[in-house]
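A.B. asks:
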Amino acid sequence: MKDLKKFNIPFVGLKEGSHLFEYQIDKTFFEAFQFDEFDNANVKVNITLVKKSTLLELAFNINGTVTVPCDITNELFDLPINGKLDLVVKFGPEFNDEHDEILILPHEAYQVNVAQYIYELIVLSVPSKRIHPNVIDGTMQSDALKKLEELKINEEKTVEKTATDPRWDKLKDLLTDK
13 MKDLKKFNIP FVGLKEGSHL FEYQIDKTFF EAFQFDEFDN ANVKVNITLV
63 KKSTLLELAF NINGTVTVPC DITNELFDLP INGKLDLVVK FGPEFNDEHD
113 EILILPHEAY QVNVAQYIYE LIVLSVPSKR IHPNVIDGTM QSDALKKLEE
163 LKINEEKTVE KTATDPRWDK LKDLLTDK
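Note that this note's numbering has the sequence shown beginning at 13, numbered continuously upward.
The following block contains the structure:
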């Protein structure tokens, strides 16, 4: 996790008020978390930190694209994502991150690492069903769709009249209900 040290925000030396932090996220960020669902990523993260006398308010805004495979055609495409997260950092006797929107840091803490929150915000901003935009509008041209169209069974050609076996016809005579 040494790659994630640049996501430490030292708040001790900051004056009270609003401060802006910007990060550019790419695939190497997700490799630190051993997450390989994205083929590539280009996400801009803006964090507005408002320092107050007893707490910190963090507002995360993400905007960008992640390259993911389509669930239907398995073709890679850039999926636009955006998301927001508000986090309140309070100070207490020990570290506690059980609540989604409140983080409690020990009184002696001098920095907060925001990498986990950025990671979760990006991953949760990606929809569970990822469909290529060209599939939705019907203009998708992929090798998989061409092969499926080529192998499509034409029902008119395959419907043939087959003669039944005379041995089975005798058994049908046993049915008295019809």
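Each residue gets a CB set at the ideal place from its N, CA and C atoms; glycine is no exception.
According to the neighbour-count rule (16 or more other Cβ atoms, all chains shown, within 10 Å of its Cβ), is residue 144 buried or exposed?
C.D. replies: buried
A.B. asks: Within its chain, find whatever has a CB closer than 8 Å to the CB of residue 22; leave out the 5 residues flanking it on each side and keep chain order.
C.D. replies: 122, 123
A.B. asks: Residues in the same chain with beta-carbon distance under 6 Å from residue 163, minus the five sequence neighbours each way, listed in chain order, please.
C.D. replies: Nothing listed; no residue qualifies.
A.B. asks: Indicate whether residue 142 and residue 183 have their beta-carbon atoms separated by less than 8 Å.
C.D. replies: no
A.B. asks: Check whether the Cβ atoms of residue 77 and residue 59 lie closer than 8 Å to each other.
C.D. replies: no
A.B. asks: Kindly confirm or deny that the segment 123 to 136 and the segment 15 to 29 touch, where touching means at least three C-beta pairs closer than 8 Å.
C.D. replies: Touching, per the Cβ criterion.
A.B. asks: Run through the DSSP bridge pairs and tell me what residue 89 is partnered with.
C.D. replies: 80
A.B. asks: For the segment 49 to 59 against the segment 105 to 123, do three or more pairs of beta-carbon atoms, one drawn from each stretch, fall closer than 8 Å, so that the two count as touching?
C.D. replies: no
A.B. asks: Which value, in whole angstroms, describes the spacing of the CA atoms of residue 83 and residue 161?
C.D. replies: If I take the Cα positions, the gap works out to 18 Å.
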